[in-house]
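Protein chains in written order, with the working numbering: chain A, 77 to 553; chain B, 77 to 553.
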């Protein structure tokens with residue numbers, strides 16, 4: 077048995093700052109009191125440890141308190157992605173067979189029309205009648221359920237247990253260290269594991285979370301340069317904007333700022349080199365919904381020597397490449413450890429998440445001769461052209477290193493001769509002839525990898541966690 | 077399943093310093109290679125995961141490598157206290173029914189004559205024939221067995237599992253934090269949990285251990301003032317010597333030095349105040365063999381406000397006072413958590429270590445109104461005089477605050493009128509009339525607590541971990 081994280085943290089360090097949002101700060105004792113009250117209110121609506129509850133809301137304290145209240149009640153939370161279309165939300169609500177749908181008042185319009193909604197204000201208007209709250213949690217208990225981003229096939233509801241979250245946070249601390257002064261900037265969605273895991277770490281580590289409703293590069297630059305925050309999670313597109321802000325203002329990160337956990341796919345090397353110049357340590361990570369955040373992370377001490385790698389597994393985790401026992405040979409990445417989901421809910425509940433304890437990620441990568449993981453690409457994005465394997469990320473990396481290109485996405489299109497050929501979609505910083513871009517690629521890539529067409533677009537299709545959705549690129553043609 | 081700590085740590089951070097002893101340093105990769113070789117040699121002698129092996133040795137690298145080799149082989153290690161008498165060692169070797177006794181070449185004379193000894197050099201002279209080493213460990217597996225210090229009754233062999241050690245190290249890091257620069261000074265015995273847990277932390281955290289064969293106040297003072305080490309575990313008598321060294325030389329601890337984990341019973345407040353003056357943060361802890369190190373520790377932020385407390389439980393642990401649900405009421409301290417031993421070996425193997433998961437420590441303490449633990453005394457040391465409870469530590473604290481007293485121990489002696497009365501044994505810094513000491517006690521203690529006699533002695537009886545053995549005080553009369 078493990079302690080209720082919220083009660084234990086409030087017992088151990090009641091006066092430490094727990095959460096800051098738009099200038100207001102709550103300490104762990106206040107967090108406990110508010111979340112307990114919210115739990116009593118939810119209990120009075122019938123929610124208990126046998127309930128499954130869908131939750132949708134903006135990244136604001138009200139959502140955090142509702143999440144913590146659900147943890148007190150030990151119900152299973154399905155965290156809905158507020159960037160989804162109504163049809164997609166309807167699928168999840170239906171598949172998860174939830175008993176309740178809790179919605180931020182402002183987000184009710186996002187839900188399918190027939191949804192039976194309990195708004196956050198309905199919860200908060202309930203009378204507060206204390207009820208018994210368990211002080212202990214079991215490691216097998218499901219805390220959260222998140223649907224995988226769905227870049228392939230139907231979304232699956234992934235169970236994330238108390239044990240998964242705890243193992244993930246503990247393994248992470250052995251990698252990045254911990255100090256009482258740590259403050260985590262959370263500008264990634266709480267409905268994704270990247271944001272949700274920041275809340276978990278806060279409870280286990282006793283550190284403050286500075287929560288942003290929306291990512292705001294100017295504020296992030298300020299928090300990073302003043303040392304107001306010491307840690308941050310982000311995806312590549314966010315880093316690019318922060319780097320721009322620092323570069324334009326000719327300022328550097330505070331020495332107090334420790335590192336950025338960089339997830340959601342491989343980062344262009346160009347970004348990493350620019351980050352170093354402005355004093356930002358970037359820890360490339362490899363993680364997913366099924367592993368409750370990071371499986372591997374590149375330790376700070378290896379940031380330069382192994383640029384582009386996602387590092388080594390965190391202490392309790394294992395990684396291997398399917399069917400491969402030699403370095404530098406690509407194959408499917410397999411993952412094992414206490415952070416790996418025990419399985420799915422809904423229509424995939426009978427599908428086993430692992431084989432012999434190993435999660436088959438569908439991602440392609442290799443280990444180098446020192447055991448560092450390099451993630452080459454998502455299997456579903458693989459372009460096969462004339463028998464040659466082409467990985468879009470490799471082409472995107474080259475494009476994003478072009479001085480006039482801000483963002484790039486690459487996918488395959490059908491081709492009579494070669495089967496498939498790559499094409500590129502770019503967001504530009506500055507007017508540039510396409511021939512110039514093609515020429516740049518010719519310089520840096522094998523000929524068969526050079527995009528057969530360049531499309532200049534306003535923005536790239538991204539999912540709720542800002543990951544590039546390569547499948548949707550074709551729709552831009 | 078969890079990874080073999082030694083192999084995983086060497087995989088993750090091979091080049092980081094792991095161990096330093098008398099000017100020589102080994103990194104984690106070197107540690108791995110040496111310990112594997114030693115494991116192959118032990119395997120060739122027949123040691124495997126079905127073996128139980130007693131080990132005796134000085135705190136030197138040879139011992140560390142043998143310990144890590146035994147971990148590789150998954151045998152159960154009985155760590156023998158080299159300060160024990162032959163009869164006491166014979167009892168443990170016999171009770172544990174060990175298959176092998178491994179001895180530091182220099183320590184063979186300590187063992188009972190009939191012991192079938194394998195010396196460290198015998199091991200090291202074996203041919204190295206690689207054999208299969210498990211890369212995974214189960215959480216239930218017993219890593220080490222330590223006999224409790226035996227201040228009450230017959231010593232019991234306490235199982236400490238992979239899960240116990242791991243939970244202990246992880247809970248500790250959530251309290252004291254972690255940085256790549258951490259270096260742990262180990263001057264406490266490796267055969268006690270205080271020293272052994274430093275090795276475990278090193279493997280899990282990836283930090284360096286600076287190992288001392290014997291506690292040497294001058295070297296410790298140098299390591300602390302230069303910042304060569306950042307953390308240390310010790311008992312009160314060691315702190316006093318370090319404080320003397322700092323005070324005499326009018327020097328302070330380096331700002332890099334984080335904290336001292338202070339165990340082995342309550343520390344005199346006077347020491348803590350002096351420590352603050354020389355810039356040493358002291359984290360009072362409460363732990364024991366049965367809990368694989370700390371159960372509670374006073375967080376740095378509370379060091380001043382709660383002087384004398386052992387703090388709050390570490391994150392995964394729980395503490396309660398038997399039969400008491402109010403603050404400030406004394407009773408037996410009960411402990412629960414993943415760090416608590418699953419049980420004993422030998423003649424006590426059928427004795428349950430816990431009741432409903434709670435370990436009954438036999439120690440007396442209370443929780444204050446904020447949930448801070450105050451350890452009042454070992455139950456076995458309780459003096460009952462005229463119906464009043466007297467706790468020796470309280471009297472010792474007063475005596476040690478006397479400017480001319482270095483160490484003090486108190487026990488009860490029989491008395492016709494009162495049943496028992498306390499008497500004191502003191503090691504003095506400077507000639508002092510006994511009447512002066514009595515007078516000082518009269519000033520600071522209730523009359524019934526004032527020692528009826530003061531014995532000035534050369535040194536106090538202490539066990540291998542330098543804990544005062546109050547039961548042996550009477551023999552000094």
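We put the CB at the ideal spot given by N, CA and C, even for glycine. The structure presented is a predicted model; accordingly, all values stated were derived computationally and were not measured.
Short CB-CB distance (under 7 Å) between residue i and chain A
i	result
residue 275(B)	no
residue 337(B)	no
residue 334(B)	no
residue 544(B)	no
residue 246(B)	yes
Delimiting residues of the alpha helix (DSSP H) encompassing residue i
i	result
residue 301(A)	293-302
residue 238(B)	238-252
residue 318(A)	312-324
residue 118(B)	104-120
residue 350(B)	345-353
residue 199(A)	196-201
residue 269(A)	269-281
residue 86(A)	81-88
residue 25(B)	Residue 25(B) cannot be examined here, being either before or after the span of chain B that is shown, 77 to 553.
Cβ of residue i within 7 Å of any chain B Cβ
i	result
residue 383(A)	no
residue 150(A)	no
residue 447(A)	yes
residue 228(A)	Reliability fails at residue 228(A), whose pLDDT of 43 lies under 50, so the model's placement of it is uncertain and no value is given.
Endpoints, beta strand (DSSP E) assigned at residue i
i	result
residue 372(A)	369-373
residue 407(B)	407-412
residue 498(B)	495-504
residue 97(B)	93-97
residue 168(B)	Counting along the chain, residue 168(B) falls outside any beta strand (DSSP E), though it belongs to the alpha helix (DSSP H) covering 162-172.
residue 467(A)	Per DSSP, residue 467(A) belongs to no beta strand (DSSP E) and is neither H nor E.
residue 176(A)	176-179
residue 286(B)	284-287
residue 132(A)	128-132
residue 382(B)	First-last for residue 382(B): undefined, no H or E at that position.
Cross-strand partners of residue i (DSSP beta bridge)
i	result
residue 449(B)	387(B) and 443(B)
residue 491(A)	495(A)
residue 361(B)	373(B)
residue 337(A)	309(A) and 359(A)
residue 233(A)	223(A) and 421(A)
Neighbour list for residue i in chain B, Cβ cutoff strictly below 8 Å
i	result
residue 206(A)	Here the premise fails: no neighbours, minimum Cβ distance about 17 Å.
Within chain A, partners of residue i - CB distance below 7 Å
i	result
residue 84(B)	391
residue 516(B)	Near residue 516(B) there are no residues of chain A at all, since even the closest Cβ is about 38 Å away, more than 7 Å.
Contact set between residue i and chain A, taken where Cβ atoms lie within less than 9 Å
i	result
residue 79(B)	389, 391, 392, 393, 394 and 413
Cross-chain neighbours of residue i in chain A, by beta carbon under 8 Å
i	result
residue 281(B)	250
Anticipated Cβ contact below 8 Å, residue i with residue j, distance rounded
i	j	result
residue 222(B)	residue 268(B)	7 Å
residue 499(B)	residue 481(B)	Not really, about 15 Å apart at Cβ, beyond 8 Å.
residue 430(B)	residue 452(B)	In fact, because the Cβ distance is near 22 Å, the residues do not count as touching under 8 Å.
residue 560(A)	residue 286(A)	The structure shown does not extend to residue 560(A), since chain A spans only 77 to 553, so no value can be given for it.
residue 365(A)	residue 177(A)	Rounded, the Cβ-Cβ distance is 20 Å, inconsistent with contact.
residue 302(B)	residue 328(B)	Between residue 328(B) and residue 302(B) the Cβ distance is about 11 Å, and since that is not below 8 Å, they are no contact.
residue 218(B)	residue 242(B)	Between residue 242(B) and residue 218(B) the Cβ distance is about 13 Å, and since that is not below 8 Å, they are no contact.
residue 348(A)	residue 383(A)	6 Å
Check: residue i C-beta below 6 Å from any heavy atom of the ligand SAH
i	result
residue 359(A)	This structure lacks the ligand SAH; in fact it carries no ligand of any kind.
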